[in-house]
Structures are given as structure tokens and as C-alpha cells.
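Novice:
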Amino acid sequence: MSDRYATFDALRSAHEEGRDFRVEWRLGVSGIAVMAPHGGGIEPGTSEVARALAGLRHSFYHFEGLMRNGNGALHLTSTRFDEPRALALAERAEWIVTVHGCDGDPPVIHLGGLHEARKRELARKLEVHGFATASHLDHRGLDPENLCNRGKNGSGVQLELTLGLRRALFPALTRTGRLNTTPLFHRLIDAFRTILTRSP
């Protein structure tokens, strides 16, 4: 996806917070931050997954597109994602999990980021729970400036959920459809949480 804006300041000059987009965040106690920088209508389903995965224990952040259409204009690439509240939360985290959406009909979770040990562990656990995992050819999250790698230990995990998987997590990927979830959604969250209960 090609970004319309190079920085958050440029985006904010063209769009109104509370009308076109919303930022929500909260601190947890675990040292782990779960972040969805392309939530709401930008990459539908990622906000809901990140919120459920964070629960009350982990820190949570999402940047949520609220427009009726054209939310792709609000996309800021993860290596240039400079929304100030996101950066402040990232700096306080020991390590970070970012949740993204990518194209693809097969229900696959693409694992990226610089935290190699945690990626391997996640792949094993997810596959035990019946989820297919892979490494994305393009979205690998290996740049140190990628949001997932901006925690204190300099390495994190990037999750890219295919469109096919996200469609299976909700009755529909519309705003109202995402108010409810399927049993697969809860299976996915339970699988992730077995990893996030552990320290970096």
C-alpha cells in the first residue's frame, strides 16, 4: 500500500481526529505492548484482535480509521509510523507485538519482526492450535525502525493476518460485523496468549 502522507503531522493536517480517525491506548503491567497501527477501516479486524490479545494485562494501542470509505488514505508505513502516543507507548514497552492485515485468501498468519526466538515459538504454538503460519515475502518487519522493533529490547513480532483469515474471525468485516466474533477468533486469541504470558 502506497502512503498518501509521509508523516503523522501531514495526515493530521488533512484529517480531523475524532471524525476521520481515533487513537486509543492504555498501559498494562506486563511490559508487553500490543499495537494495531492500521486499525478500524484501514486494515479491518486488526484493532479487534489487538484489543482482545492485550486484554487488561498488556499495554494496548490502536490507530483507527473511522471514515465511511477511503480509510486506506490513513495508512502510515510501520517504518515511518510517528504518531506521538504510539512512540511514547513503544518506548515504555519491553517488547512489542504489532497486528496488521494483508491480502491473501488462504487463512495464514505471517510472522515478522526481529524477535527470532519468539517468532519460532509463536509458529509452533499457532500450528498446534491449527493455524497456518509463514514468513511474508514483502512484509517481514526486519527494519529496526519498524514499530514492532521499537521497544526497549529492540526486537518484536509483527503479525500479518491475511484477508481470508480475518474474514473467518467475524460475521463480516464491516464496522457492524466486527462487533461480533466467531469461535475461531477466540481460538486465535487463546493461542496467542499462551506465548504472551511469558517474559521477553
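Taken in order, the sequence shown gives residues 3 to 202; the numbers are from this note's numbering.
Where a beta carbon is used, it is the ideal one built from N, C-alpha and C, also for glycine.
#1: Do you know whose CA, among H117, L161, P86, G67, lies nearest F194's CA?
#2: F62 by DSSP, collapsed to three states: which one?
#3: Which word fits V130, buried or exposed, when buried means at least 16 other C-beta atoms lie within 10 angstroms of its C-beta?
#4: Taking the C-alpha atoms as reference points, what is the distance between L175 and P46?
#5: Give me the Cα-Cα distance between W97 and L113, rounded to the nearest whole angstrom.
#6: Quick one: grab the DSSP three-state call for T196.
#7: Pair every Cβ in the segment 28 to 47 with every Cβ in the segment 84 to 101, then say whether three or more of these pairs are closer than 8 Å.
#8: May I ask you to verify whether the segment 105 to 119 touches the segment 49 to 62, counting CB pairs closer than 8 Å and requiring at least 3?
#9: In whole angstroms, what is the alpha-carbon distance linking I44 and E118?
#10: According to the neighbour-count rule (16 or more other Cβ atoms, all chains shown, within 10 Å of its Cβ), is N71 buried or exposed?
#11: Would you kindly check if the distance between the Cβ of V159 and the Cβ of R189 is under 9 Å?
#12: If E26 sits next to E66, beta carbons under 8 Å apart, how far is it from one beta carbon to the other, in whole angstroms?
#13: Drop a sphere of 10 angstroms on the beta-carbon of L89, count the other beta-carbons inside from all chains shown, and report buried for 16 or more, exposed for fewer.
#14: Would you kindly work out how many angstroms separate the C-alpha atoms of L68 and R21, rounded to a whole number?
#15: According to the neighbour-count rule (16 or more other Cβ atoms, all chains shown, within 10 Å of its Cβ), is N182 buried or exposed?
#16: Going by beta carbon distance, what residues of the same chain come within less than 7 Å of F10, once the five residues before and after it are set aside?
Specialist: Reading off the structure:
#1: Of all alpha-carbon atoms in H117, L161, P86, G67, the one lying nearest the alpha-carbon of F194 is that of L161.
#2: strand
#3: exposed
#4: 6 Å
#5: 15 Å
#6: helix
#7: yes
#8: no
#9: 28 Å
#10: With fewer than 16 other Cβ atoms from the protein chains shown falling within 10 Å of its own Cβ, N71 counts as exposed.
#11: Contact: no.
#12: 7 Å
#13: exposed
#14: As the crow flies, the alpha-carbon of L68 is around 7 Å from that of R21.
#15: exposed
#16: L78, D84, E85
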